[in-house]
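Notes follow once the structure below has been shown.
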Amino acid sequence: MRGIATGALSAGIPHAEAAGLLVDAAADAEVVFVLDDLDRLRGSAPAGEVIGSVVRHGPQSMRLILISRRPLGASVLSPSLGAELARLVDGDLRFTVEEARVALQGLGRSGDDAPAAVEATGGWVIGVMFDAWRSADHVVGTSGGADGLGGYLSAHILGELEADDREFLISTSVLEEVTAESALALGIDDAAGRLASLRSAPIPAQWSPDPSALRCHSRFREYLRGLLDQRGDMAVRELRTAYGKLLARKGFHEEAVEELLAAGALTDALTSARHAIVGVTGRLDFAVADRWIATLSPVVPVGDVGFAEAQLMLAIARDDQHEGTRIADELSALGRREQLAAASERAAALMAWCYVLAGRIDDARAVLDAAPAGPDVNVVRYSLALVDPGDGPSRPEPTGGLLDGMLYGIDYFCGRLGGLTEDPRSPWTRVAMGTGRMGALRATGRTTEALQLYEAARPGGFFGGVVDAIIGPDVLLDAGRVNEARAALARAGKFIQANGSPILTGLHHIVAAKLALRADRDAANATEILAQIDRAGAGAYSLISELAQTWRGFAALIEDHDDVALSSLRLAVAGMQAGHRILELPTAAVYLAEAEWRAGNQEAADCAADIALHASRQQGSNHVLLQALADFPAVVARRIDAEPHADSTWHGIGRALAAQGVAVGIRIPTAIELVEFGGTAIILNGQEVRPSLAKCYELLSFLAARNGVPATRDELLDALFDARADESARSYLRKTIIGVRRLLRTDALSVGDDGRVGLSPEVRLASESVRLEQDLASAARLQGSELISATEDALAPLQRGEYFPGVASAWTDDRRQHLAEAATTARAAAADAAYATDQYPHAQRLAEAVLVSDPLREATWRTLMRVRGAVGDYDGVITTYAQCEKALRAAGITPAPSTRSLLNQLRR
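For the sequence shown, position 207 matches number 252 in the numbering used here, and the numbering has no gaps at all.
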């Protein structure tokens, strides 16, 4: 449950809804939720809404305890509680005689007084505990409920104290804990004497030693504060001012500000606010920061650098760079802008960011140049990658600080999408990252998650203008909610007009043009929208220019203005590649591939398509690529047609596009990969599928080994069923063929009129064993180190285990033996090559592996003897010969004369 409420509040969700989410998260746990002192919230409608939400949304497993000295209102208690609601009132809480006896004995008093105490107080706990029943003034039977508490405290607590002690308690009621030091700070001279006097007084308070400290019971202190308020505003203000100054001296500046503001001591409050306000804004408590700034405005000097950082943070969070640039310009007019930039790296970064959004790049650079180096300044320098042509500064690492949210936003517009799903470390980053994360989820095809983030974003919340103006319409368009996308764009038009940022204005127009093209195929409208970018001056920024050229090129392709399309798209792709701004590079490159093909540049068209594919790999998703290919599916058809193998990446892209209902315009072969070593698996178009019968694996492997030559039923029965031709075997074969057909397309496996079974020409079946044979044949054509490397690469699948493990049939056994012999022969050749190239340890390892599988390979024994001799292991030469002789003797033969001759030659 940790972080649920904080995360909800950070996302702009109202407090009442956040409380509901918190208790709802406890549905699977047995929780007791206690809310005490609810009477202190009397008259607070927002607090009532929060508590009411807790009551309404509390799961069945939760036990909710509400404690108040006043009746709870209807806004808190839900009618749906019904019989589940149990009430405890004063009468239920009264001491019985036995309970009073135990309580009095616990205080060291006589339990014999319990009946009289209960009779005198009506069982009122406070009265029993504080001996109220002993007073002659007590009215027998008075329960001492909430209405009688003040009278009781006045008569039986304060009334029994000396006047100085009574005044001391009232004056120090502003303090949560009263010590001699804190009381002196309030202007009370005899503080130590008063504490000593009160130590023995029967008051509802707790005492702490060393130093002596008094903490009044919360209800008692509340009563004392009420008496303090009766002294008049001036007296109360003096005490609160003194208390605020005490808090400030102890470093509790936030609490000091609240006390000093309440006392009207604005100048003193300003001093503490300068210390505390950055922390307040850092935890996203903008309402408090706003209230402080508004209240302190009469005493805040013009161009005050202490408040500037917090004001800048508020401006950025609310998409109001106008206010941010106003603050920076005000400081500049007073000659303090560079002073603040030099003193505070964060303030410098915030001012520079506002200038960037305002299109005042020179001012942004001036502020950055005046600032010390640091992570926040590096983020803003990184943002210039969206503005400047070519490759900008390298991406700084996230720090968990305030500017991380901006870092992630820049990542999104640059197309660096991978890190946007990581959990941010600070609340500020979590809020600021929301827009970039929403966009990244959309751009990677996680539309449902992006839509959930969009719908959870509150209108008018932090960065809400950017969401509606730029990110949201893209999300809605991908979700097929075109009318809502149009409404979001229209709604954001007012924000864009008021905001005035040329960069945000340009991005808003880009999204509007994209919607006109993708949803309506309205090239004329899109072209007019894009023309507004140049009129607004946003076309001077690289990111905006490249995106505008992309959609201008698409519009030109729709209208068959091929020359315009070609020039626009070449500029877009070149700029995106140079600046590493790849968010829409798959889109621009696909459109360029179409434009190049129309211009007769087939090689350039293929190159552009490959650029699009590479960019999508960098993004970690094919979503943007597939969207662009859906606009021009002929691009993928042409790339597929040029690929020699059916398992190419472009074939996979084409299948994904066809699965979305896009007519690709070319028949895409079915690609089957058969895993055969160490286990069996069928990989169909990149996904593992499981047949209903295990024999389906053997059937496909048998057909793969025939290299496309169909097999007769008799050949299949001989191979797969050990030459059985009975009805049971024939029935099993029919079921196996049906199983393969169900696994693939119906026409992927055909049975001819002559009963021959074969795969359709449009099926590309690749098996590990056939590839092993092909790779070993290719390796045998090589020499030296290349032969060794190629052989070991080819044999790598054997490391996972044997061919078709656990399967026993005549054909499988023969196939397994054939592959083992081929592997042994290849290793033997590699061992000879390793010896010839002086790679003796390698040669020894390969030769020993050969002899483990085939100890009768006398030529390999000779190779191993040569290796032993080459490294000076002459005893090893003799041992190896003896092992050879023993292995051959077991087969009834003796070593060849050449082997004996080699022994004599190598012995020293």
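Beta carbons: idealized from backbone N, C-alpha and C, even for Gly.
According to the DSSP assignment, L67 belongs to the alpha helix (DSSP H) that extends over 60-69. Within the model, the alpha-carbon separation for A293 versus D69 is close to 40 Å. A straight-line Cα-Cα distance of about 14 Å links L357 and R319. Taking all protein chains in view, the Cβ of Q366 is crowded by 16 or more other Cβ atoms within 10 Å, so the residue is classified as buried. A residue is called buried once 16 or more other Cβ atoms fall within 10 Å of its Cβ, and N544 is buried on that count. Proximity to A673 across E639, P689, A649 peaks at E639, based on C-alpha coordinates. If only complete runs of 3 or more residues are kept, the segment 799-841 shows the beta strand (DSSP E) at 802-804, 808-812, in order along the chain. S693 sits in coil when the DSSP states are folded into three classes, being neither helix nor strand. By the Cβ-count criterion, W906 is buried, with 16 or more other Cβ atoms from all chains shown falling within 10 Å of its own Cβ.
Where S377 is concerned, the enclosing alpha helix (DSSP H) starts and stops at 366-378. By the neighbour-count criterion, in which a residue is buried when 16 or more other Cβ atoms sit within 10 angstroms of its Cβ, E743 is buried. Bounds of the beta strand (DSSP E) holding S795 are 794-796. Here V77 is not near R101, since their CB atoms are 8 Å or more apart.
Its chain contains V527 as the residues whose beta carbon lies nearer than 6 Å to that of A564, once the 5 sequence neighbours on both sides are disregarded; these appear in chain order. Across the structure, A237 and A63 are spaced so that their CA atoms are roughly 46 Å apart. Under the 8 Å Cβ criterion, the segment 253-261 does not count as touching the segment 271-279, having fewer than three qualifying pairs.
In this structure, D414 sits away from L448, with a CB-CB distance that is not shorter than 8 Å. Secondary-structure assignment with DSSP links W596 through no beta bridge to anything. Y636 and A687 have their C-alpha atoms spaced approximately 18 Å apart. If you keep only unbroken alpha helix (DSSP H) runs of at least 4 residues inside the segment 553-591, you get 568-580. When the Cα atoms are used, A430 and V412 turn out to be separated by approximately 17 Å. Minimum Cα-Cα distance from V852 among the listed residues D767, W337, A393, P343 corresponds to D767.
Put simply, of L817, G153, L203 the residue whose alpha carbon is nearest the alpha carbon of Q844 is L817. A936 counts as exposed, since fewer than 16 other beta carbons sit within 10 angstroms of its beta carbon. Straight-line spacing of the CA atoms in A558 and G380 works out to 43 Å. As the crow flies, the alpha-carbon of L765 is around 34 Å from that of T694. For R101, the enclosing alpha helix (DSSP H) starts and ends at 90-102. When rounded, the separation of the alpha-carbon atoms in A904 and P942 is 12 Å. Between the segment 730-745 and the segment 858-875 there are fewer than three inter-stretch CB-CB distances shorter than 8 Å, so the stretches are not counted as touching. If one requires a minimum length of 3 residues, no beta strand (DSSP E) run lies completely within the segment 291-358. For A250, there is no enclosing alpha helix (DSSP H); the residue is found in the beta strand (DSSP E) stretching over 250-253. Between the segment 569-579 and the segment 594-602, the count of Cβ pairs shorter than 8 Å is three or higher; the stretches touch.
Listed in chain order, the non-local C-beta contacts of N570 below 6 Å within the same chain comprise A561, local neighbours out to five positions each way being set aside. The beta carbons of I656 and V681 sit no closer together than 8 Å.
Under DSSP, F722 forms a beta bridge with Y848.
In the displayed model, F265 falls within a helix according to three-state DSSP.
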